[in-house]
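What follows is one structure encoded as structure tokens, with my remarks underneath.
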Ligand code: ADP
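In our numbering, the protein residues as written are 4 to 619.
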């Protein structure tokens, strides 16, 4: 027999479970049934490609065996089972996403709040809320030996090999004494089990069987009864499904502990027949930016699960959407590779995208608060679609929310266009690191003065996104800190040409070109980014390895500003006056600071400031 310690985090969670004052202890059954159903799904999918691993006549089922005399409840499934290492890893450590954050939250709040546990999908360990001891007997499909796992949930578990006739997992729960006040009902009572299954697990696609005694013609007969309706929730009319039922199904599907933000149902008829039930989660999954992220969309053919986590049903920018798609028009043994070219899939996908975007537009229009919550979580992912989904570009643009110079409220492009000034032709925006920098930047001069609104784009993805966007509702976009692609070279009067040349020469290490600004009013200077370049804050994010080429900047100066005039006067007196270099660094430093970019030579800039300070 081998003895193991639970991983530290597991111990923490177990401790919480055991001492939970959480009243809904019955959810342990939901969690175990959900695991059993997952194990059956895995075996079913495996059987599509590896028939030999599943015995002839194998029945896919879950069974509850209550025993009042021994005060045990046994839960048996004929799913995929676990081998030795899986037992150690799956039941001894926490792999579950979000658990660490959950524990962190608990710590921050100092008390194991029952509310938090309630929101949290507690998984296998929740069984220790109702059990003194738990035994797991399991044998994995394709393996000859089974294993017996035992723990009292205190810190250790043991494992030993056993003989087990059938594949799958049997969990024997040694129940704590009944304590109704603390949510421990008699979990061996038929009516209690019936109620819990109906409440949380009715939609489970496999039969949840239990032996019951029925009276037939005054004779008592023992027979199997199926406790769940097994009717897949997506095949039921949405008007007949309660919100709670949808939420339970969502939690089962995604292992999320929070209810979804939105539920979307869709029936396809005509050229391709299908049913879909989709969910938008309340929170962004922590691994959404990992390459390995898999969308939780499962594919069924006539109620039979054929593939899990299918990434083809929706484009990448909607990968946070979870759900199921069921279509009789697909072939049962279609491979992942074949799916990619399947016309039916492509047709369904088109409909799903449209429906999800419709649902989002609807939320944006009817429930702005909820939409803002969505935006906060998923906006940055939705933005990926702008450059990728040409067909839906305009609709995606309508879904964007922006910060703007008009106030604290986020605005849509439609709202922006509606309130554009009569003489305003373009949609103005600025990109940068933070709203604060942009709000007071020189780029707004001459624009905000005219009463024009300016959008603030502060996420790194924004610059990439905007490179794919040219207009909205016929209005062109105009980036105030970027040179337009078709911009003409700025006209510099003959008399200023040598002066501008001198200025560029003094800053040649950092500045590629000096221009006269057409917009600056109060500020002496600003830097702008070339049409096909990234701004410095995006460069920083991309890192050093990115081949940027000439990184020098374009400096725009305000020819009416006293600083430039001073430069001009000194230059007229003596072209080689040392003060010209000071003024040049002042103009350049000012522009960089206003942009929010670190100075390449702070000591040089500070030397100028000190000199000026002495003259105050
Ligand atoms: P989660 O189900 O969210 O992953 P759990 O703590 O409930 O977290 O379960 C941990 C893991 O143990 C599961 O992911 C699964 O791999 C394995 N497991 C649990 N119950 C079973 C079962 N009945 N059959 C096979 N594997 C199981």
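All residues carry an ideal CB built from backbone N, CA and C; glycine is no exception.
Express the C-alpha separation of residue 436 and residue 424 in angstroms, rounding to a whole number. Translated into the one-based positions of the chain shown, residue 424 becomes position 421. Translated into the one-based positions of the chain shown, residue 436 becomes position 433. Computed Cα separation, rounded: 27 Å.
Within 8 Å, do at least three Cβ pairs link the segment 73 to 86 to the segment 38 to 50? yes
Does the beta-carbon distance from residue 598 to residue 493 come in below 8 Å? By 1-based counting over the chain shown, the position of residue 598 is 595. By 1-based counting over the chain shown, the position of residue 493 is 490. No, Cβ-Cβ distance for residue 598 and residue 493 is not below 8 Å.
On the premise that residue 358 lies in contact with residue 236, defined as a C-beta separation below 8 Å, what is that separation, rounded to the nearest angstrom? For the purposes of this step, residue 236 is taken as the residue at position 233 of the chain shown. For the purposes of this step, residue 358 is taken as the residue at position 355 of the chain shown. The Cβ separation is near 17 Å, so there is no contact.
The alpha helix (DSSP H) with residue 88 in it runs from where to where? Against the chain shown, residue 88 aligns to sequence position 85. Unbroken alpha helix (DSSP H) run through residue 88: 87 to 95.
Measuring alpha carbon to alpha carbon, tell me which of 572, 91 and 585 ends up nearest residue 563. For the purposes of this step, residue 563 is taken as the residue at position 560 of the chain shown. 572 is the residue among 572, 91 and 585 whose C-alpha sits nearest the C-alpha of residue 563.
For the putative contact between residue 78 and residue 39, defined by C-beta atoms under 8 Å, what is the C-beta separation to the nearest angstrom? Here the question's residue 78 lines up with position 75 in the chain shown. Here the question's residue 39 lines up with position 36 in the chain shown. 7 Å between Cβ atoms; contact.
If you run the structure through DSSP and keep just helix, strand and coil, what is residue 540? Your numbering for residue 540 matches position 537 in the chain shown. The answer is helix: DSSP assigns residue 540 an H, G or I state.
Closest Cβ-Cβ distance between residue 283 and chain C: below 8 Å? Absence of chain C from the displayed structure is noted, only one protein chain being present.
Which partner residues does residue 164 have in the DSSP bridge list? By 1-based counting over the chain shown, the position of residue 164 is 161. According to DSSP, residue 164 bridges with 150.
Who are residue 301's beta bridge partners in DSSP? Here residue 301 is taken as the residue at index 298 of the chain shown, counted from 1. DSSP lists 327 as partners of residue 301.
Considering only the beta carbon of each residue, do residue 395 and residue 434 sit closer than 8 Å? For the purposes of this step, residue 395 is identified with residue 392 of the chain shown, where counting begins at 1. For the purposes of this step, residue 434 is identified with residue 431 of the chain shown, where counting begins at 1. Not in contact: residue 395 and residue 434 (Cβ atoms no closer than 8 Å).
Every unbroken alpha helix (DSSP H) inside the segment 378 to 452 [4 residues or more]: 396 to 402, 416 to 421 and 438 to 442
Span separating the alpha-carbon of residue 5 from that of residue 147: Start at 1 with the first residue of the chain shown, and residue 5 comes out as number 2. Start at 1 with the first residue of the chain shown, and residue 147 comes out as number 144. Using only the alpha carbons, I get a separation of about 19 Å.
Quick test of your reading: residue 156 and residue 17, contact by CB under 8 Å. State the CB separation rounded to the nearest angstrom. Here the question's residue 156 lines up with position 153 in the chain shown. Here the question's residue 17 lines up with position 14 in the chain shown. Indeed they touch by this definition, with Cβ atoms about 5 Å apart.
Is it buried or exposed, residue 556, if we count other Cβ atoms within 10 angstroms and call 16 or more buried? Taking the chain shown and counting its residues from 1, one reaches residue 556 at position 553. Residue 556 should be labelled buried.
Output the boundary residues of the beta strand (DSSP E) element that contains residue 134. Residue numbering aside, residue 134 sits at position 131 when the chain shown is read from its first letter. Per DSSP, residue 134 belongs to the beta strand (DSSP E) from 134 to 142.
Quickly, what does DSSP pair residue 177 with across the bridge? List them, please. Stepping through the chain shown from its first residue, residue 177 is reached at position 174. Looking at the DSSP output, residue 177 sits in a beta bridge with 75 and 136.
Cutting at 6 Å between CB atoms, please list the residues of its own chain near residue 205, excluding the five before and the five after it. Residue 205 sits at position 202 when you count from the first residue of the chain shown. Result list for residue 205: 231 and 232, in chain order.
Nearest by alpha-carbon distance to residue 210: which of 201, 216, 614 and 12 is it? For the purposes of this step, residue 210 is taken as the residue at position 207 of the chain shown. Minimum Cα distance to residue 210 is reached at 201.
Check for me: the beta strand (DSSP E) holding residue 480 runs from which residue to which? Taking the chain shown and counting its residues from 1, one reaches residue 480 at position 477. First-last of the beta strand (DSSP E) with residue 480: 478 to 482.
Based on the DSSP secondary-structure assignment, which residues constitute the bridge partners of residue 308? One-based indexing of the chain shown puts residue 308 at position 305. In the DSSP secondary-structure assignment, residue 308 is bridged to 303.
Tell me, which residues are paired with residue 232 by DSSP? Here residue 232 refers to the residue found at position 229 when the chain shown is read from its first residue. Per DSSP, none; premise fails for residue 232.
When you compare the CB positions of residue 419 and residue 363, do they come within less than 8 Å of one another, or not? Along the chain shown, one-based indexing puts residue 419 at 416. Along the chain shown, one-based indexing puts residue 363 at 360. Against a cut-off of 8 Å, the Cβ pair of residue 363 and residue 419 comes out as no contact.
Distance CB(residue 215)-CB(residue 193) smaller than 8 Å: Translated into positions along the chain shown, residue 215 becomes position 212. Translated into positions along the chain shown, residue 193 becomes position 190. Contact: yes.
To which residues does DSSP link residue 213 through a beta bridge? As a first step, residue 213 is located in the chain shown; it is residue number 210 there, counting from the start. Residue 213 pairs with 67 and 228.
Take the Cβ of residue 393 as the centre, count every other Cβ of all protein chains shown within 10 Å, and call the residue buried at 16 or more, exposed below. Locating residue 393 in the chain shown gives position 390, counting from the first residue. Classification of residue 393: exposed, given that the 10 Å Cβ count is below 16.
From what residue to what residue does the alpha helix (DSSP H) around residue 57 run? Translated into positions along the chain shown, residue 57 becomes position 54. Element bounds for residue 57: n/a, residue is neither H nor E.
Rounded to whole angstroms, what is the Cα-Cα separation between residue 580 and residue 589? Mapped onto the chain shown, residue 580 falls at position 577. Mapped onto the chain shown, residue 589 falls at position 586. Cα to Cα, the separation comes out at about 15 Å.
Which whole-angstrom value is the C-beta distance of residue 455 and residue 431, which I expect to be below 8 Å? Position 452 of the chain shown holds residue 455. Position 428 of the chain shown holds residue 431. Yes, they are in contact, since the Cβ atoms of residue 455 and residue 431 sit about 6 Å apart, within 8 Å.
Ordered along the chain, which non-local residues of its own chain (more than five positions away) have a Cβ less than 6 Å from that of residue 151? By 1-based counting over the chain shown, the position of residue 151 is 148. If we look at residue 151 and ignore the five residues flanking it on each side, its Cβ neighbours are 140, 163 and 165.
For residue 217, count the other beta carbons within 10 Å of its own beta carbon; 16 or more makes it buried, fewer makes it exposed. Which is it? Translated into positions along the chain shown, residue 217 becomes position 214. The residue in question, residue 217, is exposed, as its Cβ has fewer than 16 Cβ neighbours within 10 Å.
Residues sharing a beta bridge with residue 10, DSSP: Here residue 10 refers to the residue found at position 7 of the chain shown. Per DSSP, none; premise fails for residue 10.
Is residue 518 helix, strand or coil by DSSP? Numbered from its first residue, the chain shown carries residue 518 at position 515. It is a strand residue.
Drop a sphere of 10 angstroms on the beta-carbon of residue 473, count the other beta-carbons inside from all chains shown, and report buried for 16 or more, exposed for fewer. Translated into the one-based positions of the chain shown, residue 473 becomes position 470. Looking at its Cβ environment, which holds fewer than 16 other Cβ atoms inside 10 Å, residue 473 is exposed.
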